[in-house]
Amino acid sequence: MTGVPLIEVEDLRIDLDDGSRRVAAAEGISFRIDRGETFGLVGESGCGKSITALALIGLLRQPLSIGGGVIRFDGQEIQHLSAARQRDLRGNRIAMIFQEPMTALNPVSPVGRQIAEMFVLHKGKSWREANQLAVEALASVRVPAPERRVNDYPHQLSGGMRQRVMIAIALACGPDLLIADEPTTALDVTVQAEIIELMRNLCAERGTAILMISHDLGLVANVCRRVAVMYAGRIVEERGSADIFRAPSHPYTQGLVASLPRLGSRAALGRSRLKEIAGVVPAITSFPDGCRFNPRCTQATDICRTVAPTADFLEAGGLVRCHHHA
Amino acid sequence: MKLRANLIIGGALFALAILVGVLAPWLAHTDPVLDANLLNAEEPPSWTWWFGTDDQGRDIYSRVVYGARVSLTVGIVSQLINSVIGVALGLSAGYWGGWWDDVVNALTNVMLAIPSLIFALAIMAVLGPGLTSLLIALGLTNWSFTCRIARASALSLRSQGYVQAATVLGYGDLRIMITQLLPNMLGPIVVIGTLGMGSAVLSEAALSFLGLGVRPPFPSWGSMLSDARDQITTAPWLSVFPGLAIFLTVLGLNLLGDGLRDILDPQSRSRRT
Amino acid sequence: MPMLSFLIRRLLQTIPTVLAVVALVFVLFSVVPGSIVSSMSDDADPQVELRLKKQLGLDDPVYVRFGAYIAKLATGDFGTSFRTREPVTAMIAKRAWPTLQLVFTAMAFAVLLGVPLGFIAALRPGGLVDTLAMVVAVSGLSIAKFWLGLVMMYVFALKLGWLPSFGYGDGGLKYLLLPAVTLGVSPMALFARTTRAAVLEIMTADFVRTARSKGMSETRVVKWHVMRNALVIILTTVGLQFGGLMGQAVVVEKLFSWPGIGSLLVDSVLQRDLPAVQGSILVVVLAFLAINLLIDVLYGVIDPRIRYA
């Protein structure tokens, strides 16, 4: 890839201020996403992936704030933009879909109006024009009878339909980047596939890049070209999706891959037992010294307990943050 | 944990009011009822008469100090009656359910349909003026919120493991209610009680103002204001101090209640961060 | 049509409450220690008393009197005043309009001032405006209405001479202003607090985060998404406050010599005019129930999740 990346994050740190002290909830976060690319951020809950997404779209609220680093969008630093300039980007060029379609929509406002708002906010349309465009937007996310559905309230729609509305809102202004934070976790398995498919197709058609956030490595690897794995506030490995499955480098990633259920040869051989990673994710306020994964790592040695590993950039692209990687 | 300003200010104001009421005989300059002297009638506030005198020459300062006794007695005792009624009805209704619950619910609905001051007024009309009547009238008319809270928390606690364990152990209903359920609902009930004391003080003042409170010569802040209304052109100072006393006492109770809510009522506390 | 059947069902539901209130008030005054009649006539002539009792039907057993009372109520007859010998229905009818004027003006004042105050306070929690607004609110809740009325009467009527100090006059705004503001101050304070709490709570909701992610300014977030949700909560408080307001109206009407149902109630209580007392209490309760019915209907207009099924 040549030219300016769509979004470039360099050494981003996110602080948590609990009143008396500041701790880094995430640090040393660096990655880039090109135009139209699909990029995944994977990790257990509490690893800092969601707050990283909120930082990109400028929605961190106290006690969280950006403590350092650079976020460059289309070549321009955006982390210190004025509130008004950030709002011009938000929704318009960077859009976001949230996990809970039940509560992410305003219960007392018709869904059509919630879509139409986007055109009024960013495209200078009148409400009349915007409502017309909202019908088209609903049609584009394959909601049947959109001209009637625009008048429905969220509680009248199923979870899948609501998430379609969320996608319609997010893609309304043709953003360059769509951040999808666990977009299907709250949905039925059958609906999940439909929504993912819809999201992927729409973004591919429009050249919209996707930053997908999930705890589900399998799902992310399926959707995204490249994947970064986060653990305890740091990116521990970043690779192409195929590579990360074939040959995970970091012990944590290895654990994640091993814990995935798989169809096919290995299951057929009777080795279907899933492996779990022993232990739990440490709390933000008590990250261990050295490599943060060391208490749960089977390969940990003395250096892992004292010195934090730096990122090793791989020849084939990507990085690994481990003292022991080959 | 940081103590909140409203807890400190509210507590201080309430403590001050209690102190004034208890120490009234030592703080007052004159007897609030007997020391009437027409020679001193309608004196404005001065070094001799801190808050001035009324049309019968009685010292307003002394009367305000003694008035604290009525207000606080009525406020505290009537709210205690309300709390006991509310907890007893709500707790038993939530715990036993069934027809008793229906009865309590119907009763609460009736109570909520009659504005409490009007209900208290009707009771005062029947019982006639006086301190005891006030305690009864205000003690019987403001328990519906306590009752609802107690009922709701008894309902949710009833199915919890430790309560069922107590049942299995053969504890009596009464014992379970008092030892297992009551302690777990005390927080919100104390908060409602504190705020309720404030409104009882206001209601007492209102009833006394209407001539349905404490019998006249004995000083109550409400009846003092009732007298003051007729003399507002000639002696406006009469209106100032009893009203201020009511305000500061009720303000204290409201601030105290707000402060206690932050500490004792976890539901509203969790919303803060 | 679901609306109509909802209304009918709600009306039927209130009937037991109304009956219970009627019974409660009736019983309360039937157990008056000492006959009402003896306290009516100053000269306790047993002959006169007996004749009066017979005339007023006070000789009959309680349940007969109660039955007769209910039967008359059903036809809209509240009985005849002991004092004025006037039909209570007519007395109340005469005083209904001033009370309605007073209560609704006070409520309008309270809502129009309290709700925006709460919104402004919630926009910057902990800020100067918020602190000031909440100090005003807790003070408004702590002040005795009749004292506030007295102070305002002194300042605006007696000292400045801007407004009449008491009375109904021609029923114009000039006369209405002081009593209505006096009555409206504590609900205003309550609305400010409730609104603030509701807005702060809603601001943490997921859909507010969605709204922000759309690139909306905070003002728009509040206007487009928070306001209507807060209104649902505020409406509940408004409905409940009507009861308190009608209770407090008694005191305020008395203070300002306002010729409403409240002052009728107080005068009747002081004179032990039983039919008038029962009548005014009943009318107040009925009005309160009717208003709450109206509020229930309004819920459906504001909140699409509520269906009249």
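Protein chains in written order, with our numbering: chain A, 1 to 326; chain B, 1001 to 1273; chain C, 2001 to 2309. The C-beta atom is built at its ideal place from N, Cα and C for all residues, glycine as well.
In this structure, what does DSSP give as the bridge partners for residue i?
i          : result
PRO2087(C) : THR2080(C)
PHE73(A)   : ILE7(A), GLN76(A)
PHE293(A)  : PHE293(A) is not bridged to any residue.
ASP34(A)   : ASP34(A) is not bridged to any residue.
VAL23(A)   : LEU16(A)
GLY1252(B) : Paired residues: none, contrary to the question.
VAL320(A)  : GLU237(A), ASP312(A)
PHE39(A)   : LEU211(A), ARG226(A)
Determine, for residue i, whether the minimum Cβ-Cβ distance to residues of chain A falls below 8 Å.
i          : result
ALA2292(C) : The amino acid occupying residue 2292(C) in the given sequence is Asn; Ala does not appear at that position. No - not a single Cβ of chain A is within 8 Å of the one on ASN2292(C).
MET2003(C) : no
THR2210(C) : yes
ALA2205(C) : yes
GLY2300(C) : no
PRO2304(C) : yes
GLY2126(C) : no
LYS2223(C) : no
MET2152(C) : no
SER2139(C) : no
For chain C, find out if any of its Cβ atoms is closer than 8 Å to the Cβ of residue i; answer yes or no.
i          : result
THR1274(B) : The first residue shown for chain B is 1001 and the last is 1273, placing residue 1274(B) beyond what the model contains.
ALA1228(B) : yes
PHE293(A)  : no
ASN1142(B) : no
SER126(A)  : no
PHE1218(B) : no
PRO175(A)  : no
ASP17(A)   : no
ASP74(A)   : no
PHE1209(B) : yes
ASP88(A)   : yes
Taking all protein chains shown into account, decide if residue i is buried (16 or more other Cβ within 10 angstroms of its Cβ) or exposed.
i          : result
HIS80(A)   : exposed
PRO309(A)  : buried
ALA1005(B) : exposed
PRO1183(B) : exposed
THR298(A)  : exposed
ALA170(A)  : buried
VAL280(A)  : exposed
HIS155(A)  : exposed
GLY3(A)    : exposed
ILE2015(C) : exposed
PRO5(A)    : buried
Taking residue i and residue j to be in contact with their CB atoms under 8 Å, please state how far apart those CB atoms are, rounded to whole angstroms.
i          : j          : result
ILE1009(B) : LEU1255(B) : 5 Å
ALA1154(B) : TYR1095(B) : 5 Å
LEU2235(C) : ILE2306(C) : That pair is no contact at about 11 Å.
LEU2255(C) : PHE2146(C) : 5 Å
ARG2196(C) : ALA2121(C) : 5 Å
ALA24(A)   : ARG13(A)   : 5 Å
THR2182(C) : GLY2140(C) : Actually they do not touch by this definition, with Cβ atoms about 11 Å apart.
CYS47(A)   : GLY233(A)  : 7 Å
GLY1052(B) : ALA1245(B) : The pair is not a contact, with the Cβ atoms about 14 Å apart (cut-off 8 Å).
LEU133(A)  : PHE2207(C) : About 21 Å separates the two Cβ atoms, so there is no contact after all.
Sorted by chain position, which residues of the same chain lie with C-beta nearer than 7 Å to residue i's C-beta, five sequence neighbours on each side aside?
i          : result
ALA2162(C) : In the sequence under discussion, the amino acid at residue 2162(C) is Trp, which differs from the Ala named in the question. Result list for TRP2162(C): PHE2156, in chain order.
GLN2271(C) : ARG2083
GLY160(A)  : LEU187, VAL191, GLU194, ILE195
SER45(A)   : HIS215
LEU2160(C) : none
VAL2283(C) : ILE2092, ILE2261
CYS203(A)  : LEU178, ILE210
8 Å is my cut-off, CB to CB: does residue i come that close to chain D?
i          : result
ALA1012(B) : Looking at the structure shown, chain D is missing, and the protein chains on hand are A, B and C.
Between residue i and the rest of its own chain, which residues show a CB-CB distance below 8 Å, the 5 nearest in sequence each way excluded?
i         : result
GLU147(A) : VAL135
GLY174(A) : ARG206, THR208
ALA53(A)  : LEU41, MET96, ILE179, ASP181, LEU211, ILE213
Residues in the same chain with beta-carbon distance under 6 Å from residue i, minus the five sequence neighbours each way, listed in chain order, please.
i          : result
ALA1137(B) : ALA1120, ILE1123, MET1124
GLY2184(C) : ALA2106, PHE2109, ALA2110
ALA267(A)  : Unreliable positioning characterises ALA267(A) in this predicted model, as indicated by a pLDDT of 46, which lies under 50. A coordinate reading is not provided.
GLY1198(B) : VAL1250, LEU1253, ASN1254
At a threshold of 7 Å, does residue i count as lining the ligand ADP (C-beta to nearest heavy atom)?
i         : result
ALA168(A) : Absence of the ligand ADP is noted for the structure shown, with no ligands found whatsoever.
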